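Numbering (our numbering), first residue to last: 4 to 371. Where a beta carbon is used, it is the ideal one built from N, C-alpha and C, also for glycine. Only a predicted model underlies this, so the values are computations on that prediction, with no experimental measurement involved. Have a look at the structure below, then the notes.
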Amino acid sequence: MKTYNIAALAGDGIGPEVMREAIKVLRATEKRFGFKLNITDAPVGWAGIDFAKKALPDITLDICKRSDSILFGSVGLPDRDPTIPKEERPERAALLRLRKEFGLFANLRPVKLPKELAHACPLAKERQGDGIDILVVRELTGGMYFGQPKMTEDIGGGNQRAIDTMVYTTQEIERLAHVAFDSARLRRKKVTSIDKANVLENGVLWREVVTRVGKDYADVKLDHMFVDNAAMQLVLKPTQFDVMFCENMFGDILSDEAAALGGSLGMLPSASLGTTNGNQTFGLYEPAGGTAPDIAGKDLANPIAQILSAALMLRHSFGLNDAAAAIESAVQHAIETGHRTGDIFSAHEAGAKRIGTRAMGEAIAAVV
Ligand code: IPM
Ligand code: MG
Numbered sequence: 004m005k006t007y008n009i010a011a012l013a014g015d016g017i018g019p020e021v022m023r024e025a026i027k028v029l030r031a032t033e034k035r036f037g038f039k040l041n042i043t044d045a046p047v048g049w050a051g052i053d054f055a056k057k058a059l060p061d062i063t064l065d066i067c068k069r070s071d072s073i074l075f076g077s078v079g080l081p082d083r084d085p086t087i088p089k090e091e092r093p094e095r096a097a098l099l100r101l102r103k104e105f106g107l108f109a110n111l112r113p114v115k116l117p118k119e120l121a122h123a124c125p126l127a128k129e130r131q132g133d134g135i136d137i138l139v140v141r142e143l144t145g146g147m148y149f150g151q152p153k154m155t156e157d158i159g160g161g162n163q164r165a166i167d168t169m170v171y172t173t174q175e176i177e178r179l180a181h182v183a184f185d186s187a188r189l190r191r192k193k194v195t196s197i198d199k200a201n202v203l204e205n206g207v208l209w210r211e212v213v214t215r216v217g218k219d220y221a222d223v224k225l226d227h228m229f230v231d232n233a234a235m236q237l238v239l240k241p242t243q244f245d246v247m248f249c250e251n252m253f254g255d256i257l258s259d260e261a262a263a264l265g266g267s268l269g270m271l272p273s274a275s276l277g278t279t280n281g282n283q284t285f286g287l288y289e290p291a292g293g294t295a296p297d298i299a300g301k302d303l304a305n306p307i308a309q310i311l312s313a314a315l316m317l318r319h320s321f322g323l324n325d326a327a328a329a330i331e332s333a334v335q336h337a338i339e340t341g342h343r344t345g346d347i348f349s350a351h352e353a354g355a356k357r358i359g360t361r362a363m364g365e366a367i368a369a370v371v
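In structure tokens:
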């Protein structure tokens, strides 16, 4: 029987409880589709700091290296221990480090507003058209997040200066552009490339390179849009977008905005992919929503983003397309039959029942 090795890094906040539900759903696919998932838990984030004084303990990194993919929960509790310096805090020392370590340059964030959740979308019905369905393709290992210099320095008189550097090479833009165009080919064949070419050197290069790569994809329509306009267009007419192609920080911001249109940040999965070797793509799969410490441990979190991230893992890293589709349709079925965690619940919706994290996971696993 084909076996896949998965490192499960639940992390902090709601991470452990949504991870538990995702694993439950994965176990159900294992039974139905006849493959074996070897899942190894490892601490990360504040859980890593508590365990080994490091947000990414050596043993965790080791387990990741020996695995075929990483299923990640979420890390970062802004209010914990201010004496831990920013470079050692989970966001940078665990999550960004893992992205860099494994060369996970391509981040895919599919946003879909199911028609049953029209009420959870902040936009008026007429702006939702026939449904919102956007794929944000975000660059993940370059730009301002990683560019050097990156520092804060004293400049005298009690003042400081903070520097972040936005930097992209032709090659970095090119390889991600191929991901965006290839993804568009499997969808509605439209790429909107986001930049700030009216002000930033990076934006000018971005636009040039994307235009050039686009010539190899005559069947895909390419538009360019300034990031400020894109933020506005997302709320005015989200249905115009198919693939939104963004550098790291723009993608971070726009994907949260898009997620709200999809009903809830608790519904947004993501795949972070490196290069493909043969038919194997190493990936890290995580919900985009964060640790949500205010609702952690209360059985309130929506596990769907984590469960859909597991589906993306089956598809992109293991090529288990049927199993991935089974999870996605089980999620759709749970929504159609009125299962709602608090973030997508409305008292005005007939037939909807408010349930917890665990019950949502069980409802989905039962359908798989
Ligand atoms: C995300 C998150 C991370 C990011 C944080 C937690 C570092 O916001 O994955 O979108 O900014 O990339
Ligand atoms: Mg973000």
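- Among Asp136, Pro85, Val47, which one has its Cα closest to the Cα of arginine 190? Asp136
- Secondary structure of arginine 164, DSSP reduced to three states: strand
- Query: What separation, rounded to the nearest whole angstrom, lies between the Cα atoms of alanine 45 and threonine 63?
  - Reply: 5 Å
- Item | heavy atom of ligand 2 below 8 Å from alanine 353 C-beta | No, Cβ of alanine 353 sits at least 8 Å from all heavy atoms of ligand 2.
- Message: Under DSSP, the alpha helix (DSSP H) around asparagine 280 begins and ends at which residues?
- Response: That residue, asparagine 280, is in no alpha helix (DSSP H); its beta strand (DSSP E) goes 274 to 280.
- Query: Across which residues does DSSP place lysine 193 in a beta bridge pair?
  - Reply: Lys224
- Task: For the alpha helix (DSSP H) containing leucine 19, list its first residue and its last residue.
- Result: Contrary to the premise, residue 19 reads as proline rather than leucine in this sequence. 18 to 36 is the span of the alpha helix (DSSP H), which, as asked, contains proline 19.
- Please confirm whether any heavy atom of ligand 1 lies closer than 8 Å to the CB of valine 78. yes
- Query: From lysine 218 to asparagine 201, what distance separates their C-alpha atoms?
  - Reply: 22 Å
- Message: Give me, in chain order, the residues of the same chain whose beta-carbon lies closer than 6 Å to that of phenylalanine 75; leave out the 5 immediate sequence neighbours on both sides.
- Response: Leu12, Leu287, Glu289
- When the Cα of glycine 145 is compared with those of Ser186, Leu111, Asp157, Arg102, which residue comes out closest? Nearest C-alpha to glycine 145: Arg102.
- Message: ligand 1 and serine 273: does any heavy atom of the ligand fall closer than 8 Å to the residue's C-beta?
- Response: yes
- Task: Indicate the three-state DSSP secondary structure (helix, strand or coil) for proline 241 in the structure shown.
- Result: helix
- Task: Please determine, among Ala329, Ala337, Asn305, the residue with the shortest C-alpha to C-alpha distance to aspartate 346.
- Result: Asn305
- Flag this pair as touching only if the region 108 to 123 and the region 81 to 98 have three or more C-beta atom pairs under 8 Å; answer yes or no. no
- From proline 125 to valine 334, what distance separates their C-alpha atoms? 21 Å
- Contact set for tryptophan 209: own chain, Cβ-Cβ below 6 Å, skip 5 residues either direction: Around tryptophan 209: Ile176, Asp198.
- Message: Under 5 Å, CB to any heavy atom of ligand 1. Which residues pass, going along the chain?
- Response: Glu94, Asp255
- Message: For a test of the three-state rule: what should DSSP assign to glutamate 352, helix, strand or coil?
- Response: coil
- Query: When the Cα of serine 273 is compared with those of Val114, Asn280, Ala187, which residue comes out closest?
  - Reply: Val114
- Item | Sub-9 Å separation of serine 320 and valine 246 beta-carbons | Remark: C-beta atoms of serine 320 and valine 246 do not approach each other more closely than 9 Å.
- With distances taken Cα to Cα, identify the nearest neighbour of methionine 4 among Glu33, Glu331, Lys27. Closest option to methionine 4, Cα to Cα, is Glu33.
- Query: Span of the beta strand (DSSP E) holding glutamine 283?
  - Reply: 283 to 288
- Message: So, at 6 Å on beta carbons, what are the nonlocal neighbours of valine 230 in its own chain, with the 5 sequence-adjacent residues on each side left out?
- Response: Ile197, Lys199, Phe253
- Message: Is serine 258 close to ligand 3? I mean its beta-carbon at under 8 Å from any heavy atom of the ligand.
- Response: Summarising the ligand content, the structure contains ligand 1 and ligand 2 and does not contain ligand 3.
- Query: Got a sec? Which residues, its chain only, sit under 7 Å from valine 207 by beta carbon, not counting five neighbours each side?
  - Reply: Ala200
- Beta-carbon separation of asparagine 358 and threonine 340 under 9 Å? According to the sequence provided, residue 358 is isoleucine. The question's asparagine does not apply to it. Taking 9 Å as the Cβ cut-off, isoleucine 358 and threonine 340 do not qualify as a contacting pair.
- Message: Taking the alpha-carbon of tryptophan 49 as reference, which of Ala263, Asn280, Ile298, Gly16 has the nearest alpha-carbon?
- Response: Gly16
- CA nearest to the CA of alanine 123, picked from Val371, Lys356, Ala362, Ser349: The shortest Cα separation from alanine 123 among Val371, Lys356, Ala362, Ser349 belongs to Ser349.
- Query: Under the rule that 16 or more other beta-carbon atoms within 10 Å means buried, what is proline 152, buried or exposed?
  - Reply: exposed
- Query: What number of angstroms, rounded off, separates the C-alpha of leucine 424 from the C-alpha of alanine 355?
  - Reply: Because the chain spans 4 through 371 in this model, residue 424 falls outside it and cannot be assessed.
- Give me the Cα-Cα distance between glutamate 211 and glutamate 142, rounded to the nearest whole angstrom. 16 Å
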